[in-house]
Structure formats: structure tokens, C-alpha cells
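Engineer:
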Amino acid sequence: MNCYNCGKSMQIATYSIDGFPYCCWNCYQEKREQRRKVKAKEVQFYSETAKSLVNTQRHKILKFLEYKCIEYVGKNQYICKPIPDYNSTTYALKKVGNDFECSCQAFQKAKSASSYFFCSHIGALMEFFARGQVYA
Ligand SMILES: [Zn+2]
Ligand SMILES: [Zn+2]
Numbered sequence: 450m451n452c453y454n455c456g457k458s459m460q461i462a463t464y465s466i467d468g469f470p471y472c473c474w475n476c477y478q479e480k481r482e483q484r485r486k487v488k489a490k491e492v493q494f495y496s497e498t499a500k501s502l503v504n505t506q507r508h509k510i511l512k513f514l515e516y517k518c519i520e521y522v523g524k525n526q527y528i529c530k531p532i533p534d535y536n537s538t539t540y541a542l543k544k545v546g547n548d549f550e551c552s553c554q555a556f557q558k559a560k561s562a563s564s565y566f567f568c569s570h571i572g573a574l575m576e577f578f579a580r581g582q583v584y585a
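Sequence positions in the sequence shown follow my numbering and run 450 to 585.
(1) Between 453, 460 and 482, which has its C-alpha nearest residue 468's C-alpha?
(2) CA-CA distance, residue 550 and residue 464?
(3) By the DSSP assignment, the alpha helix (DSSP H) with residue 638 in it spans what residues?
(4) Just checking residue 570 against ligand 2 - is the residue's beta carbon closer than 6 Å to any of the ligand's heavy atoms?
(5) If residue 510 and residue 552 are in contact, beta carbons under 8 Å, what's the gap, nearest whole angstrom?
(6) Say the cut is 6 Å; is the CB of residue 540 nearer than that to a heavy atom of ligand 2?
(7) Quick check on this structure: which residue in 486, 450 and 515 has the alpha carbon closest to the alpha carbon of residue 580?
(8) Between residue 538 and residue 531, what straight-line distance do the alpha-carbon atoms span, to the nearest angstrom?
(9) Of the choices 524, 558 and 519, whose alpha-carbon is the least far from that of residue 578?
(10) Would you give the residue range spanned by the alpha helix (DSSP H) that residue 573 belongs to?
(11) Per DSSP, what are the beta-bridge partners of residue 487 in this structure?
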């Protein structure tokens with residue numbers, strides 16, 4: 450097996466933490482710090498974007514938040530449930546690379562035209578992160 454941080458090959462893991470093998474305590478500390486930084490950066494990115502979203506979308510986004518439509522369903526996936534009496538579809542929000550993709554038509558259409566675009570569901574997810582919710 451190899452150390453999860455430095456890649457050094459080992460007969461047995463000196464440390465096995467959270468299911469990952471490490472050759473030394475330093476390697477574990479280093480990896481943990483690295484992962485913490487990545488997480489913090491992502492949340493920051495989403496809050497910046499959420500702040501700069503245009504006002505027309507903003508109203509709908511806040512409605513999604515008000516009705517607690519965003520839910521974490523595991524494995525970097527969220528769902529955006531419908532706003533009561535407004536729409537009736539639940540959309541899936543899946544993490545792809547550093548971004549999220551939505552299953553709604555508007556997003557899929559923009560994606561096939563290869564222009565990056567935030568639909569209101571992704572906007573709601575970003576607002577959700579901006580309010581201090583982090584990846585579970
Ligand atoms: Zn190591
Ligand atoms: Zn969408």
C-alpha cells in the first residue's frame with residue numbers, strides 16, 4: 450500500500466485514519482490541512498458567486514431557501530425540492546469537478562451549448578453554502 454499523502458510505499462500502514470493509510474503523523478496532518486483548505490476555498494467561491502447573482506433570479510433563489518428546498522442526499526449530491534404551489538419538480542444537483550450541474554432543462558440546454566450558466570437551483574445551492582452550510 451501507499452501513503453495517502455506522500456505516496457511512499459509501505460508494508461503496513463503506520464497510521465490508518467478515516468480508512469486512509471499514512472506513513473507518518475506528519476503526512477496525516479499535511480493531508481488534513483490540504484483538504485480543509487480546499488473545502489474553505491470552495492465555500493468562499495460559492496458565496497462570492499451567490500452575492501453577485503442578478504436580482505431577478507435572486508427572488509426565486511430566496512424562495513427556495515425560505516422553503517428549505519435544498520437538501521443533501523450524499524456523495525456530493527444535493528436536491529432542490531419544489532416550492533409549494535409554484536412548481537412540482539425536484540431537481541438533482543451533482544458535483545462535477547469544481548462545479549455543480551443541475552438536471553433542469555435550462556441548465557442542460559446551456560450545457561449542450563457549452564456556455565456556463567447558473568440556473569436558479571444552482572443559485573439556491575450557492576446561497577445555501579453562502580449561509581455557512583458546508584459539504585456534509
Ligand atoms: Zn507519507
Ligand atoms: Zn436547475
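In this text, a Cβ means the ideal position worked out from N, Cα and C, and glycines have one as well.
None of these values were measured; they are calculated from a predicted model.
Structural biologist: So, from the data block:
(1) 453
(2) 36 Å
(3) What the structure shows of the chain is the stretch from 450 to 585, and residue 638 is not part of that stretch, so it cannot be assessed.
(4) yes
(5) Contact flag wrong, Cβ pair sits at about 17 Å.
(6) yes
(7) 515
(8) 6 Å
(9) 519
(10) 569-579
(11) For residue 487, which the question treats as bridged, DSSP gives no partner whatsoever.
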